[in-house]
Amino acid sequence: MKWIKKFFGKKYSSEETDFREIDFEDLPAWLDDSYQKISFRIKTDASNLLRKLEALLSELKESNSMLAEAKVKGDFDVRAVKLAKSSRENVTKQIATLIYKINLADDTDFRSLKEFYETAVKNFDICLEHTNRSFNYTKGVFPQESKEVNESLFSLGKVFKDLRELIFENVTETEAIEVAYLDIKEIQKLSTLIVAEKLELESKKGRIQALKHEIGIASQAVEELRNGDAWHRLYNLQKESTTIRERLKKAEEDLSFFVLSLSSHLSKIKKLHESGRYNLKPEVKQQLYICLEDPINVAPSFFPELLKVFEDQSLEMQTQKKNKALIQVKTAILDFSERNNDYLKVLQEFEAKKTEIAVLDTGKLVALEHKEEELQNRARLLEEDIENSEKRLTYLIDELENKRKKLFASINSIDSYVKLHF
């Protein structure tokens with residue numbers, strides 16, 4: 012690196028060859044100073060080139076005016092003159108536009124000079140592209156004036172070439188400075204994010220510890236309640252209630268099956284009543300509907316009334332079916348009350364157990380179990396969040412390290428004798 016800088020005319024004292032240490036916080040000022048040194052180094056050459064460029068633009072303007080005002084001298088074909096004049100108009104217009112668009116840089120700092128060069132050369136190339144063919148026609152009729160304009164453009168191109176060389180001699184270093192500025196911002200941003208992420212991670216770890224402590228307390232409370240006399244009493248009552256529920260279900264099935272054996276006969280009476288071919292008493296009609304829809308709730312007094320219906324001679328039913336129904340109803344009168352009493356007894360026993368359970372079961376165990384489950388769910392989500400934060404922190408730290416390496420490379424390309432400390 013040192014011999015390259017010497018090649019470009021840079022001088023070093025013995026002190027400058029020693030390694031210099033720079034803190035990250037001081038780096039922007041060092042970069043500013045490096046940039047100013049580049050601008051100062053090229054200032055004289057840049058000023059000379061800009062002055063030369065200004066003089067050439069003045070010459071180009073004058074030669075362009077001479078071409079615009081030139082008279083036709085000699086004997087030329089009319090069509091050649093017409094084409095040359097048309098081409099001259101295009102040339103002088105394009106060159107006037109070029110002169111107008113080349114705004115000389117007021118400052119010779121590197122950025123201003125580079126920006127000026129890029130814009131000016133772009134306009135210069137456009138001008139040459141648009142005038143190249145036209146010159147082929149103007150130089151035949153206006154040879155001297157066309158030659159002078161061409162020579163001015165050629166001289167202008169040489170100055171742009173010298174300016175380009177001056178810029179490109181320093182472009183690597185200045186680009187490294189620009190990249191370093193961007194890397195500094197990225198490093199500062201990443202550093203801030205890392206600090207914030209670490210603080211958030213510590214906060215989450217504190218919250219998870221507090222949650223685990225709460226879970227421990229809730230679990231202990233659930234365990235104590237489950238091992239207590241009240242819970243065991245409740246547990247036994249629930250087992251007894253389950254047994255009674257099975258008995259109640261069996262009693263309901265027996266009662267329902269017994270009543271439903273009459274369902275076809277009952278449906279027949281219902282149809283006769285609804286069609287107006289037989290009239291039922293309101294209370295009998297009500298019990299008939301209950302017997303068909305909810306047989307376990309039918310009143311025992313319904314069956315003697317039902318017997319009277321089947322014994323009624325006005326009931327339109329086949330004798331065989333009626334006799335069968337009479338036998339079934341008489342059996343129901345004898346057996347239903349007993350079956351119904353058994354059902355009601357078991358039902359009463361079941362309701363009594365429910366009352367005992369309701370008294371003992373205050374919902375405390377359910378509430379504690381719910382709280383324990385809720386805390387465990389929150390802890391699981393927070394643990395996942397902590398895992399994601401750790402991954403994000405690792406990614407940010409890796410990104411920071413990559414940006415630091417990139418910054419080291421940029422600083423080294425600017426000055427290999429500088430060591431950077433974070």
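Letter by letter, the sequence shown follows residues 12 to 433 of the working numbering.
Ideal Cβ placement from N, Cα and C applies to all residues, glycine included.
CB residue i to CB residue j, shorter than 8 Å?
| i | j | result |
| --- | --- | --- |
| F171 | A95 | no |
| E32 | K417 | no |
| F165 | Y428 | no |
| V160 | L78 | yes |
| F35 | H432 | yes |
| H284 | L291 | yes |
| L392 | K215 | no |
| Y289 | I280 | yes |
| I255 | E349 | no |
| S401 | L212 | This sequence places Glu at residue 401; Ser is not what is there. Contact flag set, yes. |
| V92 | V83 | yes |
| Y148 | S98 | yes |
| L303 | S278 | yes |
| K382 | A191 | no |
Taking the alpha-carbon of residue i as reference, which of the options has the nearest alpha-carbon?
| i | options | result |
| --- | --- | --- |
| A232 | V377, D136 and S421 | V377 |
| I307 | Y354, E316, K281 and K319 | Y354 |
| I113 | A66, I49 and I226 | A66 |
| T185 | E129, H432 and I422 | I422 |
| Y111 | T183, N134 and Y128 | N134 |
| R258 | L210, L283 and E362 | E362 |
| S76 | T253, S267, D117 and E156 | E156 |
| L407 | I280, E208 and L358 | E208 |
| A81 | D43, C138, I106 and K150 | K150 |
| I53 | Q329, L42, T119 and N399 | T119 |
| L109 | R99, L71, P311 and D117 | L71 |
| E380 | E401, V89, L236 and E360 | L236 |
| K104 | N399, C138 and G85 | C138 |
| P311 | L266, L167 and D136 | L266 |
| G287 | E327, S275, T253 and I255 | E327 |
| L201 | R415, F419 and K93 | R415 |
| E189 | P39, E213 and K382 | P39 |
| L115 | D86, K169 and A57 | A57 |
| I106 | V89, A131, D117 and G85 | A131 |
| F313 | E162, A343, W41 and D88 | A343 |
| F347 | N399, L193, E162 and E263 | E263 |
| F419 | L193, N399, D88 and L210 | L193 |
| A390 | R218, N247 and E367 | R218 |
| V182 | S325, I49 and T330 | I49 |
| K43 | K261, R244 and A187 | The residue you asked about is not Lys; residue 43 is Asp in the sequence shown. Here the closest residue by C-alpha is A187. |
| K261 | T203, L358 and E100 | L358 |
| K375 | D86, N399 and E234 | E234 |
State the CB to CB distance for the pair residue i and residue j, rounded to an integer number of angstroms; the pair is presumed to be in contact (CB under 8 Å).
| i | j | result |
| --- | --- | --- |
| K364 | E251 | 6 Å |
| S45 | I425 | 6 Å |
| L404 | I226 | The Cβ separation is near 26 Å, so there is no contact. |
| L167 | Y128 | The pair is not a contact, with the Cβ atoms about 13 Å apart (cut-off 8 Å). |
Looking at the C-beta of residue i, does it have a partner C-beta in chain B at a distance below 8 Å?
| i | result |
| --- | --- |
| D37 | Note that chain B does not occur in the displayed structure, where there is just one protein chain. |
| Does the count of Cβ pairs from the segment 188-200 and the segment 406-425 closer than 8 Å reach three? | yes
| Are there three or more Cβ pairs, one per stretch, closer than 8 Å when the segment 213-232 is compared with the segment 380-388? | yes
| task | Only counting runs of 3 or more residues, tell me where the beta strand (DSSP E) segments fall wholly within the segment 115-174, in order along the chain. | result | none
| How do the segment 309-320 and the segment 333-342 stand: do at least 3 beta-carbon pairs fall below 8 Å, yes or no? | yes
| said: As an exercise, report each continuous beta strand (DSSP E) stretch of at least 3 residues that is fully enclosed by the segment 301-336, in chain order. | reply: none
| said: Within 8 Å, do at least three Cβ pairs link the segment 350-367 to the segment 290-305? | reply: no
| Is the segment 136-143 touching the segment 60-77 in the sense that three or more CB pairs, one from each, lie closer than 8 Å? | no
| query | With contact counted as at least three CB pairs below 8 Å, one residue from each stretch, are the segment 120-128 and the segment 175-187 in contact? | reply | yes
| message | If we require 3 or more residues per run, which beta strand (DSSP E) segments fall completely within the segment 390-425? | response | none
| message | If we require 3 or more residues per run, which beta strand (DSSP E) segments fall completely within the segment 50-79? | response | none
| Fully enclosed by the segment 171-210, which alpha helix (DSSP H) runs are 4 residues long or longer? | none
| task | Report the residue ranges of all beta strand (DSSP E) runs contained in full by the segment 216-258; include only those spanning at least 3 residues, in chain order. | result | none
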